[in-house]
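J.:
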Amino acid sequence: MELLERAISEKGTVLPGNVLKVGSIINNQIDISLMCAMADEACSRFKDKGVTKVLTVEASGIAFAVLIAERLKVDAVFAKKSKTSNVEGEVYSARCYSYTHRKENTLIIPKEYLGSADNVLIADDFLANGEAVSALLDMANRAGARVVGAAIAVEKGFQGGGDRLRAKGLEVFSLAVIDSMDGGKIVFRKDK
Ligand code: 5GP
Numbered sequence: 190m191e192l193l194e195r196a197i198s199e200k201g202t203v204l205p206g207n208v209l210k211v212g213s214i215i216n217n218q219i220d221i222s223l224m225c226a227m228a229d230e231a232c233s234r235f236k237d238k239g240v241t242k243v244l245t246v247e248a249s250g251i252a253f254a255v256l257i258a259e260r261l262k263v264d265a266v267f268a269k270k271s272k273t274s275n276v277e278g279e280v281y282s283a284r285c286y287s288y289t290h291r292k293e294n295t296l297i298i299p300k301e302y303l304g305s306a307d308n309v310l311i312a313d314d315f316l317a318n319g320e321a322v323s324a325l326l327d328m329a330n331r332a333g334a335r336v337v338g339a340a341i342a343v344e345k346g347f348q349g350g351g352d353r354l355r356a357k358g359l360e361v362f363s364l365a366v367i368d369s370m371d372g373g374k375i376v377f378r379k380d381k
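Counting the sequence shown from 1 gives a position; the working numbering is that position plus 189.
1. Report the rounded CA-to-CA distance for Leu244 versus Val337, giving the unit in angstroms.
2. Looking only at its chain, what residues have a beta carbon closer than 6 Å to the beta carbon of Lys238, apart from the 5 residues adjacent to it on each side?
3. Is Asp368 a contact residue of the ligand 5GP, with contact defined as CB to any heavy atom under 7 Å?
4. Have a look at Lys200, Ser363, Phe377, His290 and flag the residue whose alpha-carbon is nearest the alpha-carbon of Asp313.
5. Is any non-hydrogen atom of the ligand 5GP found closer than 7 Å to the C-beta of Ala321, if you look at the structure I gave you?
6. Is Asp314 near the ligand 5GP, in the sense that its beta carbon is under 7 Å from a heavy atom of that ligand?
7. Can you round the beta-carbon distance between Ile298 and Tyr281 to whole angstroms, since I take them to be within the 8 Å contact cut?
8. Work out the CA separation of Pro205 and Val255 for me, nearest whole Å.
9. With distances taken between CB atoms, is the gap from Ala283 to Ala324 smaller than 8 Å?
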């Protein structure tokens with residue numbers, strides 16, 4: 190998506206450890222007109238798939254997921270990274286190594302929010318090694334839900350997570366795919 194690629198090129202910076210900082214548009218401050226255009230683009234791919242829930246992980250995936258859910262007229266559900274006092278009852282949980290926090294989290298979704306009647310669209314801001322999407326997929330599968338695909342804002346293609354998920358049959362639609370960030374130079378995949 191040209192608009193997103195341009196914004197990343199102009200405002201993104203590459204931090205040590207191949208972490209792309211896009212705090213001014215996605216992760217701390219949200220560029221709402223850009224994010225709305227991103228949600229429109231994601232919906233153009235998944236609007237006819239009968240989605241009933243958009244599923245993401247707190248915190249950075251929520252804005253993208255909510256705007257997609259609003260357009261599809263369904264609810265968004267987000268997995269928490271720890272069991273807080275306002276989570277009660279039975280939960281689905283899955284271990285997930287956080288690339289940016291460099292620690293293992295246990296993602297949690299209360300069972301009441303995901304069920305066998307659901308057609309789930311996974312959404313997230315970034316896809317790197319695929320840990321977060323795999324954990325969401327795992328919980329949706331255990332709920333008996335059907336996963337129609339994953340809408341990703343930025344895929345770091347060089348980490349291979351997206352292609353591994355595609356090889357397993359998941360439809361992964363990424364708005365921007367980065368093939369390399371060597372020396373701080375961001376190179377986008379042309380034919381995706
Ligand atoms: P994965 O689980 O696919 O390895 O990593 C995806 C998750 O890690 C996303 O939910 C995102 O929050 C975070 N993440 C991974 N790489 C980056 C990055 O380069 N920049 C930012 N801002 N977040 C990232």
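Ideal Cβ placement from N, Cα and C applies to all residues, glycine included.
Keep in mind it's a predicted model, so treat the numbers as computed, not measured.
T.: The short version:
1. For the purposes of this step, residue 244 is identified with residue 55 of the sequence shown, where counting begins at 1. For the purposes of this step, residue 337 is identified with residue 148 of the sequence shown, where counting begins at 1. Between the alpha carbons of Leu244 and Val337 lies a distance of about 11 Å.
2. Counting from one through the sequence shown, the residue named residue 238 turns up at place 49. Contacts found: Val337.
3. The residue you call residue 368 lines up with position 179 of the sequence shown. Outside the cutoff, so no.
4. If you number the sequence shown from 1, residue 313 lands on position 124. Minimum Cα-Cα distance from Asp313 among the listed residues Lys200, Ser363, Phe377, His290 corresponds to Ser363.
5. Stepping through the sequence shown from its first residue, residue 321 is reached at position 132. Result yes, Cβ under 7 Å from the ligand 5GP.
6. One-based indexing of the sequence shown puts residue 314 at position 125. Flag set: Cβ of Asp314 near the ligand 5GP.
7. By one-based count along the sequence shown, residue 298 stands at place 109. By one-based count along the sequence shown, residue 281 stands at place 92. Going by Cβ atoms, the distance from Ile298 to Tyr281 rounds to 5 Å, so yes, they are a contact pair.
8. Along the sequence shown, read from residue 1 onward, the residue named residue 255 stands at position 66. Along the sequence shown, read from residue 1 onward, the residue named residue 205 stands at position 16. Each residue's alpha carbon lies about 30 Å from the other.
9. Here the question's residue 283 lines up with position 94 in the sequence shown. Here the question's residue 324 lines up with position 135 in the sequence shown. Taking 8 Å as the Cβ cut-off, Ala283 and Ala324 qualify as a contacting pair.
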